[in-house]
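**Q** In the UniProt record's numbering, the protein residues as written are 1 to 338.
All C-beta atoms, glycine included, are put in the ideal place defined by N, C-alpha and C.
Handing you this structure, nothing more for now.
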Amino acid sequence: MPLQQPASFQKSLIQWFSKEGEDYPWRQTTDPWHILISEVMLQQTQVATVLNKGFFVRFIAQFPTPADLARADEQTILSAWEGLGYYRRVRNLQKAAKAICDYHEGIFPKQYEQIRALPGIGRYTAGAVASFAYNQSQPIVDANVARVFSRVFDYQERVDTTAGQKQLWSWAEQLVPAKNARAYNSALMELGQQVCTNKTPKCETCILKKFCSTKDPTSLPKKGSAKKTVLVDEHCILAIQDGKILLHQEKASARRSGMWKLPERAHHQLEACPLLSKSTYGITHHRVTLRIYDTRNISIPNSENPEQEKWHQLEELPTLPMPSPFRKVLDTLLADLF
DNA sequence: GATGCGTGGTG
DNA sequence: TCACCAAGCAT
1 MPLQQPASFQ KSLIQWFSKE GEDYPWRQTT DPWHILISEV MLQQTQVATV
51 LNKGFFVRFI AQFPTPADLA RADEQTILSA WEGLGYYRRV RNLQKAAKAI
101 CDYHEGIFPK QYEQIRALPG IGRYTAGAVA SFAYNQSQPI VDANVARVFS
151 RVFDYQERVD TTAGQKQLWS WAEQLVPAKN ARAYNSALME LGQQVCTNKT
201 PKCETCILKK FCSTKDPTSL PKKGSAKKTV LVDEHCILAI QDGKILLHQE
251 KASARRSGMW KLPERAHHQL EACPLLSKST YGITHHRVTL RIYDTRNISI
301 PNSENPEQEK WHQLEELPTL PMPSPFRKVL DTLLADLF
């Protein structure tokens with residue numbers, strides 16, 4: 001046991017949470033399907049993002065049961081996820097919905113191993129669903145828990161390695177209580193989010209202060225250095241004729257597959273076209289400079305893969321799933337032009 | 001074990 | 001400005 005008084009540690013957390021815990025929409029339900037949706041949305045995504053734009057409330061209204069998501073088409077699920085990023089998550093969520101319908105008669109499974117076996121559900125998400133929906137005594141380790149544990153135990157090794165993960169999960173297993181795992185796990189994560197924060201931890205008011213060994217919290221947890229960002233240019237065209245706009249759909253093998261964007265052209269094909277906008281956005285380790293050219297009064301340069309391009313009515317634009325950088329630039333351009 | 005995957009917030 | 005980070009997972 002890593003602590004002398006684990007019961008006191010657990011009790012401190014649960015008491016703090018009962019006073020300071022936020023009343024998020026996904027904490028007002030124990031429906032495992034709704035809990036799963038929230039957990040998948042929150043993977044590598046901050047609470048404020050999911051909360052502010054109403055993604056969770058809208059999604060569970062649109063797909064209240066696994067069967068509802070299982071029968072939706074690709075464009076519909078991508079549109080419901082638009083703005084959240086990591087679109088693979090919603091595809092896996094649909095695969096999980098189909099598996100629940102096909103192998104569990106549409107009833108969300110109760111056993112941890114069955115939850116863990118669903119597509120897109122790893123060790124963290126399985127533990128989160130089991131503890132939040134069913135109050136089962138399962139450990140969780142996310143970025144918040146990793147930060148709290150690495151500081152409480154003054155862990156000087158890297159956490160983004162197999163050995164580091166093993167250590168964090170071992171602490172999580174040993175400390176999760178048998179009875180109140182729902183409240184305990186919620187509290188541990190929320191302390192990491194509200195108090196034991198990345199840059200400026202509020203150690204003076206932290207209820208785990210008496211359990212905590214680190215003298216230099218902001219130096220923890222230790223991680224390897226990130227991959228260097230690569231600069232990339234993207235040259236796209238705004239082609240509008242007779243109330244229609246030309247769009248490109250990403251292939252199944254591509255990133256953002258199934259989504260629509262403005263068609264790309266080689267830079268040298270666009271020398272005669274006026275530049276309409278210039279913006280930048282990040283995707284994985286790339287920094288993309290996106291330039292949009294006006295081809296409305298010029299013959300449109302030939303595409304290398306015209307089979308992926310299609311004319312759409314301008315009215316259809318809001319219903320077509322589109323990556324955020326293109327949604328934003330189109331909203332701005334069309335507001336200016338019309 | 002390392003890498004790819006989106007987007008928005010932060011100091 | 002820009003690197004880093006966030007309720008991870010699959011390959």
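Give me whichever residues DSSP pairs with Cys236 in a beta bridge.
**A** The residue given as residue 236 occupies position 236 in the first sequence. Its beta-bridge partners are Glu264, Ile292.
**Q** Give the DSSP bridge partners of Val230, in chain order.
**A** Here residue 230 refers to the residue found at position 230 when the first sequence is read from its first residue. According to DSSP, Val230 bridges with His286.
**Q** Are residue 339 and Ala183 touching if we call contact CB-CB under 7 Å?
**A** With the chain covering only 1 through 338, there is no way to say anything about residue 339.
**Q** Measure the CB-CB distance between Arg296 and Ile245 and report whether it falls below 7 Å.
**A** Along the first sequence, one-based indexing puts residue 296 at 296. Along the first sequence, one-based indexing puts residue 245 at 245. Against a cut-off of 7 Å, the Cβ pair of Ile245 and Arg296 comes out as no contact.
**Q** Below 7 Å between beta carbons: does that hold for Ser150 and Pro221?
**A** On the first sequence, position 150 is the one that residue 150 refers to. On the first sequence, position 221 is the one that residue 221 refers to. Taking 7 Å as the Cβ cut-off, Ser150 and Pro221 qualify as a contacting pair.
**Q** Note the first and the last residue of the continuous beta strand (DSSP E) segment covering Lys310.
**A** For this step, residue 310 is matched to residue 310 along the first sequence. Start and end: 309 to 313.
**Q** By how many angstroms is the C-alpha of Leu290 removed from the C-alpha of Thr284?
**A** If you number the first sequence from 1, residue 284 lands on position 284. If you number the first sequence from 1, residue 290 lands on position 290. So the alpha carbons of these two residues sit roughly 15 Å apart.
**Q** Does the contact criterion of 3 or more C-beta pairs under 8 Å hold for the stretch 208 to 222 versus the stretch 37 to 50?
**A** Contact fails: fewer than three Cβ-Cβ distances are below 8 Å.
**Q** Between the beta-carbon of Gln138 and the beta-carbon of Gly127, is there less than 7 Å?
**A** Start at 1 with the first residue of the first sequence, and residue 138 comes out as number 138. Start at 1 with the first residue of the first sequence, and residue 127 comes out as number 127. Taking 7 Å as the Cβ cut-off, Gln138 and Gly127 qualify as a contacting pair.
**Q** Hey, how far is the Cα of Thr76 from the Cα of Arg265?
**A** For the purposes of this step, residue 76 is taken as residue 76 along the first sequence, with counting starting at 1. For the purposes of this step, residue 265 is taken as residue 265 along the first sequence, with counting starting at 1. In a straight line, the C-alpha of Thr76 is about 28 Å away from that of Arg265.
**Q** Using DSSP bridges, identify the partner residues of Thr76.
**A** The residue you call residue 76 lines up with position 76 of the first sequence. BP columns for Thr76 are empty, so no partner.
**Q** Rounded to the nearest angstrom, what separates Ser193 and Pro109 at their Cα positions?
**A** For the purposes of this step, residue 193 is taken as the residue at position 193 of the first sequence. For the purposes of this step, residue 109 is taken as the residue at position 109 of the first sequence. The question names Ser, but residue 193 is Gln in the sequence shown. Near 29 Å, if we compare the C-alpha coordinates of Pro109 and Gln193.
**Q** If we ignore side chains and look at the alpha-carbon of each, how far apart do Gln94 and Arg88 end up?
**A** Locating residue 94 in the first sequence gives position 94, counting from the first residue. Locating residue 88 in the first sequence gives position 88, counting from the first residue. Going by the C-alpha atoms only, they are around 10 Å apart.
**Q** Please give me, in chain order, every unbroken run of the beta strand (DSSP E) with length at least 3 that falls completely inside the UniProt domain "HhH-GPD" (41 to 194).
**A** Here no run is fully enclosed.
**Q** Which value, in whole angstroms, describes the spacing of the CA atoms of Leu175 and Gln4?
**A** Taking the first sequence and counting its residues from 1, the one referred to as residue 175 is at position 175. Taking the first sequence and counting its residues from 1, the one referred to as residue 4 is at position 4. If I take the Cα positions, the gap works out to 11 Å.
**Q** Count the other C-beta atoms from every protein chain shown that fall within 10 angstroms of the C-beta of Asn185, then say buried if there are 16 or more, exposed otherwise.
**A** Looking up residue 185 in the first sequence gives position 185. Asn185 is buried by the Cβ-count criterion.
**Q** Need the endpoints of the beta strand (DSSP E) that Gln249 sits in, please.
**A** Against the first sequence, residue 249 aligns to sequence position 249. Here the beta strand (DSSP E) through Gln249 covers 244 to 249.
**Q** State the Cα-Cα distance for the pair Met41 and Phe56, rounded to the nearest angstrom.
**A** In the first sequence, residue 41 corresponds to position 41, counting from 1. In the first sequence, residue 56 corresponds to position 56, counting from 1. Roughly 8 Å separates the two Cα atoms.
**Q** Going by CA-CA distance only, name the one from Leu69, His286, Val129, Asp102 that's closest to Trp26.
**A** Numbered from 1 along the first sequence, position 26 holds the residue referred to as residue 26. The option with the nearest alpha carbon to Trp26 is Val129.
**Q** May I ask you to report which of helix, strand or coil DSSP gives Thr29?
**A** Here residue 29 corresponds to residue number 29 of the first sequence, with the count starting at 1. Three-state DSSP puts Thr29 in coil, outside helix and strand.
**Q** In three-state terms, what does DSSP make of Gln5?
**A** Counting from 1 along the first sequence, the entry for residue 5 is found at position 5. Note: Gln5 maps to coil in three-state DSSP.
**Q** Compute the Euclidean distance between the alpha carbons of Ala133 and Ile115, then round it to the nearest angstrom.
**A** For the purposes of this step, residue 133 is taken as residue 133 along the first sequence, with counting starting at 1. For the purposes of this step, residue 115 is taken as residue 115 along the first sequence, with counting starting at 1. Approximately 12 Å, taken between the alpha carbons.
**Q** Would you mind giving the Cβ-Cβ distance between Lys261 and Leu247, rounded to the nearest angstrom? I have them listed as a contact below 8 Å.
**A** The sequence position of residue 261 within the first sequence is 261, counting from 1. The sequence position of residue 247 within the first sequence is 247, counting from 1. Right, the Cβ-Cβ distance comes to about 7 Å (below 8 Å), so this counts as a contact.
**Q** Report buried or exposed for Asn52, applying the criterion of at least 16 other Cβ atoms within 10 angstroms of its Cβ.
**A** Working through the first sequence from its first residue, we reach residue 52 at position 52. Answer is exposed; the Cβ neighbour count stays below 16.
**Q** Which stretch, first to last residue, makes up the alpha helix (DSSP H) that contains Asp336?
**A** The residue you call residue 336 lines up with position 336 of the first sequence. It spans 324 to 337 - the alpha helix (DSSP H) in which Asp336 sits, taken as one unbroken run.
**Q** Could you give the distance in angstroms between the alpha-carbon of Tyr293 and the alpha-carbon of Lys310?
**A** For the purposes of this step, residue 293 is taken as the residue at position 293 of the first sequence. For the purposes of this step, residue 310 is taken as the residue at position 310 of the first sequence. Distance between the alpha carbons of Tyr293 and Lys310 is about 18 Å.
**Q** Checking 7 Å against the spacing of the C-beta atoms, do Arg256 and Pro323 come in under that value?
**A** In the first sequence, residue 256 corresponds to position 256, counting from 1. In the first sequence, residue 323 corresponds to position 323, counting from 1. Yes, these two residues count as a Cβ contact at 7 Å.
**Q** Thinking Leu333 and Leu275 are a contact (beta carbons under 8 Å), I'd like their distance in whole angstroms, please.
**A** Counting from 1 along the first sequence, the entry for residue 333 is found at position 333. Counting from 1 along the first sequence, the entry for residue 275 is found at position 275. Incorrect: roughly 12 Å between the Cβ atoms, too far for contact.
**Q** Taking Leu191 as the reference, which of Pro325, Cys206, Lys199 has the closest Cα?
**A** Mapped onto the first sequence, residue 191 falls at position 191. Looking at the Cα atoms, Cys206 is the closest of the given residues.
**Q** State the beta-bridge partners of Lys223 as determined by DSSP.
**A** Locating residue 223 in the first sequence gives position 223, counting from the first residue. DSSP output for Lys223 lists no bridge partner at all.
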